[in-house]
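Heads up, this note's numbering is the position in the sequence shown plus 54, with the first residue counted as 1.
For each residue, glycine too, the CB sits at the ideal point set by N, CA and C.
One structure is given below, encoded as structure tokens.
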Amino acid sequence: MIKYLLVIFCVPLSFATEVDSFTDRNIQLTDSSGRINQITNELFREAVKAANDNDEVCEKSILYQEIYNKMGGFLWAELETRILEDTTIDKRYFTRENSIYGDLGFFQFLPHYLVEMGSLINIKGHLVGVDKIGHFIGIGYHYFEIAYLEGLGVEEALKYGESYERGFFGLVTTGVYSYGDLAANYLGMKFWLQVIGNDPAKSFVSCEGTKWVLNKTFYWEDYIDSSVDEAINCNKYRDEQFEKAITSKMKYLNNNGTKSRALECPIRTDECKILRVKYGPLADRIINPDC
Numbered sequence: 055m056i057k058y059l060l061v062i063f064c065v066p067l068s069f070a071t072e073v074d075s076f077t078d079r080n081i082q083l084t085d086s087s088g089r090i091n092q093i094t095n096e097l098f099r100e101a102v103k104a105a106n107d108n109d110e111v112c113e114k115s116i117l118y119q120e121i122y123n124k125m126g127g128f129l130w131a132e133l134e135t136r137i138l139e140d141t142t143i144d145k146r147y148f149t150r151e152n153s154i155y156g157d158l159g160f161f162q163f164l165p166h167y168l169v170e171m172g173s174l175i176n177i178k179g180h181l182v183g184v185d186k187i188g189h190f191i192g193i194g195y196h197y198f199e200i201a202y203l204e205g206l207g208v209e210e211a212l213k214y215g216e217s218y219e220r221g222f223f224g225l226v227t228t229g230v231y232s233y234g235d236l237a238a239n240y241l242g243m244k245f246w247l248q249v250i251g252n253d254p255a256k257s258f259v260s261c262e263g264t265k266w267v268l269n270k271t272f273y274w275e276d277y278i279d280s281s282v283d284e285a286i287n288c289n290k291y292r293d294e295q296f297e298k299a300i301t302s303k304m305k306y307l308n309n310n311g312t313k314s315r316a317l318e319c320p321i322r323t324d325e326c327k328i329l330r331v332k333y334g335p336l337a338d339r340i341i342n343p344d345c
């Protein structure tokens, strides 16, 4: 047990953020895509400027690093922090005790006895954990790096993400294997692939003369779908006892003082069908088999 605790404390706990996508779900959050797009594009412009301030002319690795530095980060992605600190963005937050994880014991769900739960936002009708923004930018870049910069292919990138969820940033610490995280990682990889693509007309950035030029505006709604909603693309849990504690808590959620109908995951099977068609053969890797 002592060894287990030492491992937990050595892991950056901010990587282990979980959200509750079920409680009070019938209470609609305001769509914040406009403001989040604005923040993202501000950081994007800053990154391109920083890359141009470097002595190297249109060096791709420098551009990638500047975008990662401006939007991402080691513990919390800068974009996550900006969203969390922005009071104009409508967010939903629950304490551990009042969430679907409330019946889990200290050693079952240790990270969230030590740090806060994550927050939810609305992006064009999709209920998204702010942590998914960090996965999109940060782990999405690692997917891109593995698959394309190192040339190892998408399969190796997917394996990296799966080991991440099985390891100290998933099942080992929080007891949660998040398919929503895997989806956000993959979608982020698709974004990074378009930063400097083979087709300048579709790329976000191109080199003109000796400078990088930002060609188009980034919109989160071009990437985000219901695969990042953990009430649709459901989590997998450490063991049966862990899952039972969550499902029993979900059974009747208190919404504005009245008991709601029993909730089950996925809450929208119609969305599952759409996701499986959209992702095709990759669906088995980033979409929960029950979806």
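Does the Cβ-Cβ distance between residue i and residue j come in under 8 Å?
i       : j       : result
Glu-139 : Gly-188 : no
Ala-131 : Leu-117 : no
Trp-274 : Asn-91  : yes
Ala-285 : Phe-76  : yes
Val-259 : Val-102 : yes
Thr-323 : Asn-95  : no
Tyr-202 : Lys-244 : no
Leu-236 : Gly-221 : no
Ile-250 : Val-184 : no
Gly-126 : Gly-192 : yes
Ser-257 : Asn-239 : no
Hey, how far is the Cα of residue i from the Cα of residue j?
i       : j       : result
Val-331 : Leu-181 : 21 Å
Leu-317 : Lys-305 : 6 Å
Met-171 : Asp-78  : 15 Å
Ala-255 : Trp-266 : 14 Å
Tyr-231 : Gly-224 : 5 Å
Leu-206 : Lys-213 : 11 Å
Gly-234 : Lys-290 : 10 Å
Ile-200 : Ser-281 : 22 Å
Ile-143 : Arg-99  : 21 Å
Cys-319 : Val-226 : 22 Å
Phe-190 : Phe-198 : 11 Å
Ser-153 : Lys-303 : 8 Å
Glu-210 : Ile-340 : 14 Å
Gly-169 : Asn-176 : The identity of residue 169 in the sequence shown is Val, whereas the question assumes Gly. Going from the Cα of Val-169 to the Cα of Asn-176 covers about 23 Å.
Ile-321 : Lys-124 : 36 Å
Thr-141 : Ser-86  : 11 Å
Leu-336 : Asn-342 : 11 Å
Gln-119 : Asp-279 : 26 Å
Arg-150 : Glu-297 : 16 Å
Asp-253 : Lys-114 : 15 Å
Gln-295 : Gln-248 : 43 Å
Asn-80  : Asp-109 : 53 Å
Gly-311 : Lys-186 : With a pLDDT of 42 at Gly-311, under the threshold of 50, the predicted position of this residue should be treated as unreliable, though the coordinate-derived value follows. In a straight line, the C-alpha of Gly-311 is about 30 Å away from that of Lys-186.
Ile-328 : Asp-283 : 14 Å
Asp-338 : Asp-107 : 43 Å
Gly-179 : Glu-325 : 13 Å
Thr-71  : Tyr-218 : 14 Å
Lys-313 : Ile-93  : Note on Lys-313: pLDDT 48, under 50, position unreliable in the model; no value is reported.
Val-61  : Glu-204 : With a pLDDT of 40 at Val-61, under the threshold of 50, the modelled position of this residue cannot be trusted; read the value that follows with caution. Looking at the two C-alpha atoms, the distance is approximately 30 Å.
Asn-309 : Val-208 : For Asn-309, the predicted structure reports a pLDDT of 48, less than 50, and the residue's modelled location is therefore unreliable. A value from the coordinates is still provided. Rounded to whole angstroms, Asn-309 to Val-208 spans 42 Å at the Cα level.
For residue i, name the three-state secondary structure that DSSP assigns.
i       : result
Val-282 : helix
Leu-336 : helix
Asp-344 : coil
Lys-305 : coil
Cys-319 : coil
Tyr-273 : coil
Val-331 : helix
Cys-261 : strand
Leu-181 : strand
Ile-290 : Correcting the residue identity first, residue 290 is Lys in this sequence and not Ile. Strand at Lys-290.
Ile-300 : helix
Gln-295 : helix
Just to check my reading of the structure: residue i and residue j have Cβ atoms closer than 8 Å, yes? What is that Cβ distance to the nearest angstrom?
i       : j       : result
Leu-174 : Val-73  : 6 Å
Tyr-195 : Gly-242 : 7 Å
Arg-146 : Leu-97  : Going by Cβ atoms, the distance from Arg-146 to Leu-97 rounds to 24 Å, so no, they are not a contact pair.
Tyr-155 : Ile-300 : 6 Å
Cys-288 : Cys-345 : 6 Å
Gly-229 : Arg-292 : 4 Å
Practice task
Can you check the segment 75-142 for any alpha helix (DSSP H) of at least 4 residues that lies completely inside it and give the ranges in chain order?
Solution key: Listed in chain order, the complete alpha helix (DSSP H) runs (minimum 4 residues) inside the segment 75-142 are 87-106, 114-125, 132-139.
Handout entry: Entirely enclosed beta strand (DSSP E) segments - the segment 183-271, minimum 3 residues
Key = Listed in chain order, they are 259-262, 265-268.
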